[in-house]
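Step one of this worksheet: look at the structure below.
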Amino acid sequence: MNASTGAVLRTLLLPDLRAARTLPLLGAGVVSVAGTACPALFSAHVQPDAAAVLLRIATVLTAIGLACLLDDPAARTTVVVPVSRGLRSGLRMAAGLLVFGLFWGASAGLVRLRVAAEARQVFPVGGLAVEAVTLAVGTLALALFGMRRSALGAGSLVAAPALTLFVVAALFLPAGLELFPVPGDPDWSGATLRWAVLLVLALAGCAAQLRDEPRAKRAPAPVPPGRAVR
Numbered sequence: 012m013n014a015s016t017g018a019v020l021r022t023l024l025l026p027d028l029r030a031a032r033t034l035p036l037l038g039a040g041v042v043s044v045a046g047t048a049c050p051a052l053f054s055a056h057v058q059p060d061a062a063a064v065l066l067r068i069a070t071v072l073t074a075i076g077l078a079c080l081l082d083d084p085a086a087r088t089t090v091v092v093p094v095s096r097g098l099r100s101g102l103r104m105a106a107g108l109l110v111f112g113l114f115w116g117a118s119a120g121l122v123r124l125r126v127a128a129e130a131r132q133v134f135p136v137g138g139l140a141v142e143a144v145t146l147a148v149g150t151l152a153l154a155l156f157g158m159r160r161s162a163l164g165a166g167s168l169v170a171a172p173a174l175t176l177f178v179v180a181a182l183f184l185p186a187g188l189e190l191f192p193v194p195g196d197p198d199w200s201g202a203t204l205r206w207a208v209l210l211v212l213a214l215a216g217c218a219a220q221l222r223d224e225p226r227a228k229r230a231p232a233p234v235p236p237g238r239a240v241r
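If you're matching positions, the sequence shown starts at 12 in our numbering and goes up one per residue.
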């Protein structure tokens, strides 16, 4: 990226983020944090397995909100911008992952706070974080896929249902392949490894789709009056 492209990118960054559909992500994040704060409001302790379920629900809900971030109904009218659409999508994705991480961190802190002190050592925040990052990156990969194939530029129409179907299907995986084990399960490390593999695949999918995004074309020069167009 040369200096001129960098200057254009800085100029477009804030307007592009303002044009993004951030409200679903912010709304889902707020609801998720509020939901995980409920046990704290009632001064109730929760078991590690129940806390993991609560945090996973918050993760999926926030990821569904993240699916809307790349929606761009005006994509066909912005092809004259002198930066690639992939670069602009990458900026939205980075900002969205940052916001997702902030909401997830708040939810994880609230949930862990209500786990009894003697059980916190078996509450695997690290493994749950791998799940969350994988779901977030996978959702963005699905959103990119949907955006490239939607006439309206609405990747959420593919990403949100696909994420929901994936989560539901994962709940019925047999032992040895399960992705949502309870804390303390002997196969927890194996499940975390499977999530790590899925994360690598999701990152590769995002990188491939961002690289293949068409570069914006310059607007054609106006034809002087009286000159014939060939």
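Where is the CB? At the ideal position from N, CA and C, for every residue including glycine.
{"query": "Minimum C-alpha distance to residue 222 - residue among 185, 156, 197", "result": "156"}
{"query": "Paired residues, beta bridge with residue 57 - DSSP", "result": "126"}
{"query": "Beta-carbon proximity of residue 153 to residue 170, cut-off 8 Å", "result": "yes"}
{"query": "Buried or exposed by the 16-neighbour rule on C-beta atoms within 10 Å, applied to residue 151", "result": "buried"}
{"query": "Reduced DSSP secondary structure (H/G/I, E/B, other) of residue 161", "result": "coil"}
{"query": "Contacting residues, own chain, Cβ-Cβ under 6 Å from residue 42 (five flanking each side not counted)", "result": "none"}
{"query": "Whole-angstrom distance between residue 143 and residue 47, CA atom to CA atom", "result": "15 Å"}
{"query": "Assigned secondary structure, residue 195 (DSSP; H/G/I helix, E/B strand, else coil)", "result": "coil"}
{"query": "Among 216, 31, 111, 198, nearest to residue 79 - alpha-carbon criterion", "result": "31"}
{"query": "Residue 91, buried or exposed, once every other Cβ within 10 Å from all chains shown has been counted against 16", "result": "Because residue 91 sits at a pLDDT of 47, beneath the cut-off of 50, its placement in the model cannot be relied upon, and the following sentence gives the value as read from the coordinates. When all chains shown are included, residue 91 counts as exposed."}
{"query": "First through last residue of the alpha helix (DSSP H) which encompasses residue 172", "result": "167–181"}
{"query": "Proximity of residue 134 and residue 194 at Cβ, strictly below 8 Å", "result": "yes"}
{"query": "Where residue 135 falls: helix, strand or coil (DSSP)", "result": "coil"}
{"query": "Nearest residue (CA-CA) to residue 174, options 77, 49, 57", "result": "77"}
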